[in-house]
Amino acid sequence: MPNLTISARGQYRNKKGTLVFRYAVKGSKAALEAYEDSQGEFYTVDDKTGEPLFFTPRFAGKTATLVVTDEGRAYVDMSELEQQASLISQFGGNLGQAMADAFARQLAGGGSAAKPVADKPDDKPADDKQPIDSEPKATARRVKR
Numbered sequence: 090m091p092n093l094t095i096s097a098r099g100q101y102r103n104k105k106g107t108l109v110f111r112y113a114v115k116g117s118k119a120a121l122e123a124y125e126d127s128q129g130e131f132y133t134v135d136d137k138t139g140e141p142l143f144f145t146p147r148f149a150g151k152t153a154t155l156v157v158t159d160e161g162r163a164y165v166d167m168s169e170l171e172q173q174a175s176l177i178s179q180f181g182g183n184l185g186q187a188m189a190d191a192f193a194r195q196l197a198g199g200g201s202a203a204k205p206v207a208d209k210p211d212d213k214p215a216d217d218k219q220p221i222d223s224e225p226k227a228t229a230r231r232v233k234r
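Each residue of the sequence shown is one higher than the last, beginning at 90 in my numbering.
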């Protein structure tokens, strides 16, 4: 079960108006080959960087782990968030809320919940003003197999 790292590379709205998050995929040669096999005809690479891309309607954070199962399915590893949610529900009340607040700050990059994540000088906010059907055709291509 090869693990890969994904890094956010932007977002867009598809023809149906669904918000789609685009991630660059990195990993060992064997893991990248497993990822390519898992995507089949939908395997896509960035034309500028040559990086394989992963698309999902669910935001997975700025970086995350992507798992490719032995059955050839690729999914974002959300086990840490699931564990945190379990702890919050187990304790509930004020302690559960305090834990939820701490986890939210950690997820947002360690700052306070009121401070935007994009305040770091090297971070750029996503372009939310892209028109519907703005899939970046010029910067990504599907690789024929």
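For each residue, glycine too, the CB sits at the ideal point set by N, CA and C. What you are looking at is a predicted structure, and each value in this text was computed from that prediction instead of being measured.
>> Between V109, I95, Y132, which has its C-alpha nearest S117's C-alpha?
In response: Ranked by Cα distance from S117, the options V109, I95, Y132 are led by I95.
> Would you call the region 100-119 and the region 141-154 touching, i.e. three or more CB-CB distances under 8 Å?
Replying inline: By the Cβ criterion, the region 100-119 is in contact with the region 141-154, since at least three pairs of Cβ atoms, one from each stretch, lie closer than 8 Å.
>> With a threshold of 7 Å on Cβ separation, who are the neighbours of D126 within its own chain once the five nearest residues in sequence on each side are excluded?
In response: Short of 7 Å from the beta carbon of D126, and not among the five residues preceding or following it, lie these beta carbons of its own chain, in chain order: G161.
> Do you know how far the Cα of G129 is from the Cα of G185?
Replying inline: Spanning the two alpha carbons is a distance of roughly 43 Å.
> From which residue to which residue does the alpha helix (DSSP H) around R147 run?
Replying inline: Here R147 belongs to no alpha helix (DSSP H), and DSSP marks it neither H nor E.
> Is it right to say A113 is buried, meaning 16 or more other beta carbons lie within 10 angstroms of its own, or is it exposed?
Replying inline: Buried.
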